[in-house]
Amino acid sequence: MKTYYEKIEESTEKVHLKVLIFGGIEYIRYLSAGIVLEWKRVQQDKTKQTIVLRSKEDTLLRLTKRIVPLLMRHNFEIDACDLLIELEHIHLMKQFVNKDRYPRICLYLT
Numbered sequence: 001m002k003t004y005y006e007k008i009e010e011s012t013e014k015v016h017l018k019v020l021i022f023g024g025i026e027y028i029r030y031l032s033a034g035i036v037l038e039w040k041r042v043q044q045d046k047t048k049q050t051i052v053l054r055s056k057e058d059t060l061l062r063l064t065k066r067i068v069p070l071l072m073r074h075n076f077e078i079d080a081c082d083l084l085i086e087l088e089h090i091h092l093m094k095q096f097v098n099k100d101r102y103p104r105i106c107l108y109l110t
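Just so we're aligned, residue 1 is where the sequence shown starts under full-length UniProt numbering, counting upward by one.
In structure tokens, the structure reads:
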């Protein structure tokens, strides 16, 4: 496995393999929960309107955009929806929905 891992060029496939080797989907779900907690903290502090808070917000959104496809790929559409709802960015879901996942997501959101 290590030999295969070293031969893969730095790509999305390598990132996905790294996640599966070093924690799996449960780790991704744990990261999602951490993102939600940090997002809420940033939103509470948002009255300060500092550059640092905007930077943290951008970082959290970038992480979310990388986590949602992983959740979707492993049939955790509900967790992906919940993450985007908590961040008040459910509109981003349309980037990740395909015809196979559409009915399940719509059923959950209704």
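Backbone N, C-alpha and C define an ideal beta-carbon position, used for all residues, glycine too.
Kindly indicate the opening and closing residues of the alpha helix (DSSP H) around VAL97. Taken as a continuous stretch (DSSP letters only), VAL97 belongs to no alpha helix (DSSP H), as it is neither H nor E.
Chain-order list of residues whose beta-carbon lies under 6 Å from that of GLU86 (same chain, five-residue window excluded): VAL36
What first and last residue would you give for the alpha helix (DSSP H) that runs through GLU88? Here GLU88 belongs to no alpha helix (DSSP H), and DSSP marks it neither H nor E.
For LEU71 versus ASP79, is the C-beta distance shorter than 7 Å? yes
Burial state of LYS7, where buried means 16 or more other Cβ atoms lie within 10 Å: Its pLDDT being 46, under 50, LYS7 is placed unreliably in this model, and the coordinates cannot settle the point.
If the criterion is Cβ atoms closer than 7 Å, does the pair VAL42 and LYS56 meet it? yes
Quick one: what does DSSP say THR110 is sitting in, helix, strand or coil? coil
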